[in-house]
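Heads up, the thing below is written out as structure tokens.
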Amino acid sequence: MCHLISAAVALSFFALPALADPAHGLWKTKPDDNGNYGHVRIQTCPNGKICGGLVTAFNSAGQQIESPNIGRAIVWDMEPQGDGAYSNGRIYAPDRDNTYNARMNLRGNTLGVSGCVAFICREQAWTRVN
757 MCHLISAAVA
767 LSFFALPALA
777 DPAHGLWKTK
787 PDDNGNYGHV
797 RIQTCPNGKI
807 CGGLVTAFNS
817 AGQQIESPNI
827 GRAIVWDMEP
837 QGDGAYSNGR
847 IYAPDRDNTY
857 NARMNLRGNT
867 LGVSGCVAFI
877 CREQAWTRVN
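The numbering used here numbers the first residue of the sequence shown as 757 and each following residue consecutively.
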């Protein structure tokens with residue numbers, strides 16, 4: 757009987773879903789150079805690192821718009837460092853059609869993202885949508 761209970765406990769442990777990374781969710785970006793912003797879905801990618809793609813784009817008036825970047829990776833290869841920090845990733849800026857080395861820093865419902873090329877960096881604070 758004791759073995760049956762131990763087996764049931766072990767099976768229930770393995771049946772539990774993996775805990776989601778705290779950065780998982782939908783994030784609203786800050787407006788870009790053109791005044792447009794987007795919603796980026798952050799999740800764990802097949803390689804086990806954190807990534808996110810653009811799911812919706814909006815103009816400066818908040819109206820949903822078509823964008824050739826829908827479905828495109830915006831952040832990828834982010835490695836959790838603990839305490840809300842992520843590093844060694846990459847970020848794509850659609851308004852500048854450029855890719856940067858990137859970091860993220862999660863504090864509550866704000867995700868700080870920064871990308872640098874050489875010594876030129878851009879930073880934004882994204883807000884959680886859900």
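Heads up, the beta-carbon is just placed ideally off N, CA and C, and yes, glycines get one too.
query = Helix, strand or coil: which one does DSSP assign to Phe875?
reply = Reduced to three states, the DSSP call for Phe875 is coil.
Exposure label - Gly794; buried when at least 16 CB within 10 Å = By the 10 Å Cβ count, Gly794 comes out buried.
Integer-rounded CB distance, given that Ala849 should sit under 8 Å from Thr866 = Contact flag wrong, Cβ pair sits at about 19 Å.
inquiry  = Starting from Val811, trace the beta strand (DSSP E) in both directions and tell me its first and last residue.
reply    = The continuous beta strand (DSSP E) containing Val811 extends over residues Ile806 to Phe814.
message = For Gln880, list the residues DSSP reports as bridge partners.
response = Its beta-bridge partners are Val869.
ask   = Run through DSSP, which three-state label would Gly838 get?
value = In this structure, Gly838 counts as strand in the three-state DSSP scheme.
ask   = Taking Ile821 as the reference, which of Leu810, Ala829, Ile830 and Val831 has the closest Cα?
value = For the residues Leu810, Ala829, Ile830 and Val831, the minimum Cα distance to Ile821 belongs to Leu810.
ask   = First and last residue of the beta strand (DSSP E) that includes Ala858?
value = Residues Asn854 to Arg863.
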